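When we follow this note's numbering, the leftmost residue of the sequence shown carries the number 921, and every step to the right adds one.
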Amino acid sequence: MFRCASRSFPSLYSTRSACTARYFHQVTTDFINYDGRGNLVTRRVPIIIGSPGETYVLIESSVGTALRAASPLASTSAACAEDRCKLTFFHDSQHFGFGSSSYPRLYIPGQIPRQTELNTSPATLFLSGKMHEIVLDGTLDASFAENASATGRNLEHVLDELKDM
């Protein structure tokens, strides 16, 4: 199933912005985490990925919450703020996590483009909205996620006022 959302990208060489589309591809992948008894459990979870070359993944809020809860930096406000959390994408094994051999892990079926020659790319988990979003830092997708997150925060008080009407 394909879904599309329009987004504008500012151009460095032009005063007008180019419009492109963001396609959503629904797939199922493995999320590995510890259960309540400390055993590793693999769960099949639905995710939404972009087209080849895009650097974002949309995940269920329960997966995002589990990733944030497991962050070794959860108490450090700069590394894991209330609405976002730092992750790493491991290109060789194609998973998001905190370390190459740590858990939880979210595997991605397909390649996410490398930002450098390194095996890892820094990523951010945005914890707002109905679905949470993971993006590679420094990409157009990261800029889009940042703007979308800020828009949600800016509109929150307006939506609360509308509920009371």
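Just so you know, even glycine gets a beta-carbon here, dropped at the ideal spot from N, CA and C.
All of these numbers come straight from a predicted model, not from anything done at the bench.
Runs of beta strand (DSSP E) lying entirely within the segment 973 to 1035, each at least 3 residues, in chain order: 976 to 980, 1004 to 1010, 1015 to 1017 and 1025 to 1027
Any 3 or more C-beta pairs closer than 8 Å across the segment 1030 to 1049 and the segment 958 to 967: no
Reference Gly973; option with closest CA among Gln1035, Met1085 and Ala1068: Gln1035
Three or more C-beta pairs below 8 Å linking the segment 1062 to 1071 and the segment 1012 to 1025: no
Cβ-based neighbour list, Gly1030, same chain, cut-off 7 Å, excluding 5 preceding and 5 following: Excluding sequence neighbours, Gly1030 sits near Ile969.
Rounded C-alpha distance that separates Ile967 from Thr948: 6 Å
Length of the line joining the Cα atoms of Ser1048 and Glu1037: Those two C-alpha atoms are separated by around 31 Å.
DSSP beta-bridge partners of His1052: Ile979
Range of the contiguous beta strand (DSSP E) that encloses Ser971: Under the DSSP assignment, Ser971 falls outside any beta strand (DSSP E); it carries neither an H nor an E label.
As assigned by DSSP and simplified to three states, the class of Asn1067: helix
Simplified DSSP state of Leu1082, which is helix, strand or coil: helix
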